[in-house]
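Since the structure comes first, as structure tokens, the remarks are kept for the end.
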Amino acid sequence: MYCTFYGFRESPFTITPNPRFLFMSVQHREAFAHLIYAVENRAGFIELTGEVGTGKTTLLRTFLSRLDSEGHRTALIFNPCLSSLELLASINKEFGLPWESGSRAELLQVLNSFLLEQKAAGRSVVLVMDEAQNLAPEVLEQIRLISNLETETDKLIQIVLAGQPELLAVLAREELRQLNQRITVRYHLLPMEFESMCRYIDHRMELAGRFRAAEFTKGALKRIFRFSGGVPRLVNIACDRALLIGFTEEDRVITGKMAAQAISEIRGRGALANARGVVGRLLGFWR
Numbered sequence: 001m002y003c004t005f006y007g008f009r010e011s012p013f014t015i016t017p018n019p020r021f022l023f024m025s026v027q028h029r030e031a032f033a034h035l036i037y038a039v040e041n042r043a044g045f046i047e048l049t050g051e052v053g054t055g056k057t058t059l060l061r062t063f064l065s066r067l068d069s070e071g072h073r074t075a076l077i078f079n080p081c082l083s084s085l086e087l088l089a090s091i092n093k094e095f096g097l098p099w100e101s102g103s104r105a106e107l108l109q110v111l112n113s114f115l116l117e118q119k120a121a122g123r124s125v126v127l128v129m130d131e132a133q134n135l136a137p138e139v140l141e142q143i144r145l146i147s148n149l150e151t152e153t154d155k156l157i158q159i160v161l162a163g164q165p166e167l168l169a170v171l172a173r174e175e176l177r178q179l180n181q182r183i184t185v186r187y188h189l190l191p192m193e194f195e196s197m198c199r200y201i202d203h204r205m206e207l208a209g210r211f212r213a214a215e216f217t218k219g220a221l222k223r224i225f226r227f228s229g230g231v232p233r234l235v236n237i238a239c240d241r242a243l244l245i246g247f248t249e250e251d252r253v254i255t256g257k258m259a260a261q262a263i264s265e266i267r268g269r270g271a272l273a274n275a276r277g278v279v280g281r282l283l284g285f286w287r
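Just so you know, we're using the UniProt record's numbering here: the sequence shown kicks off at 1 and counts up by one.
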């Protein structure tokens, strides 16, 4: 809606995970390096945790996209509401293997044969389980059993368990101690610091088609940081609403007052008045 006013080709602050918009903060670079190191060294199990909205899914999609198809086979499982049998079927499906029928043992045998073939061809196989904090203990145990597929010298599959901090508590359960002990690479993704957040906002606006199309004053940036705590998703929500307010006021400079109004509306206060302003602005914009 406001893209034409600011000169953007697309909205810069959508919350959909889009690898093209990934901003490599210090924390994201470190997390990415941990993932690459683990796969290259066939670590077996990798754990990536972080608060809601810190960019885990975007980072994982970027990581998978940068693994060359000649040397890797990858799969991303995003549905945590699976039984252990459904998990095996989903994994086989993602790798293009038979999955629609068969017992757990049969599905495992198909997967094992595939892993041995990839090993013989010199390829690494990477499985990413996102939102892993919601997986049932019996499903996590099935994942551990999948990791048992190995040769005398190498793990045949590298498994990334990614999720919110609650994943740490899940893995600390007594019945999952064998799985927890196998995780050799761990990283907890923290929110951005203030300076990184400022660069992040500029980065997204530039990728959207116009650098400095809108200017966030220092006061606006400070308010957005206090609200978001440096969590990318909350930064996006606040910036998007602030740009909408700038659009309704026909001002490309986003002030601290505008940012405060945006945050108030996000929290459920003052949204009706601004909605009326948006409608009025649109009517004038389309005439």
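Glycine is no exception: its CB is placed at the ideal position from the N, C-alpha and C atoms.
Bridge pairing for Val253: Glu215 [DSSP]. Assigned with DSSP and collapsed to three states, Tyr2 falls in coil, not helix or strand. Restricting attention to Glu141, Arg104, Ile237, Ala220, the CA atom closest to the CA of Thr14 is found in Ile237. Rounded to the nearest angstrom, the gap between the Cα atoms of Val26 and Ala208 is 22 Å. Comparing alpha carbon positions, the residue from Lys218, Leu179, Asn180, Arg173 closest to Phe194 is Lys218. The three-state reading of DSSP puts Met197 in helix, counting H, G and I together. A contact between stretches requires three or more CB pairs, one per stretch, nearer than 8 Å, and the segment 133–153 fails this requirement with the segment 50–58. With a cutoff of 8 Å on beta-carbon distance, Ile183 and Glu47 are scored as near each other.
Distance between Leu161 and Gly246, taken at the CA atoms: about 41 Å.
Distance between Leu190 and Ala38, taken at the CA atoms: about 20 Å.
Counting every other CB atom within 10 Å of its CB across the protein chains shown gives Asn79 a total below 16, marking it as exposed.
Counting of Cβ neighbours within 10 angstroms places Cys239 among the buried residues, the total reaching 16 or more.
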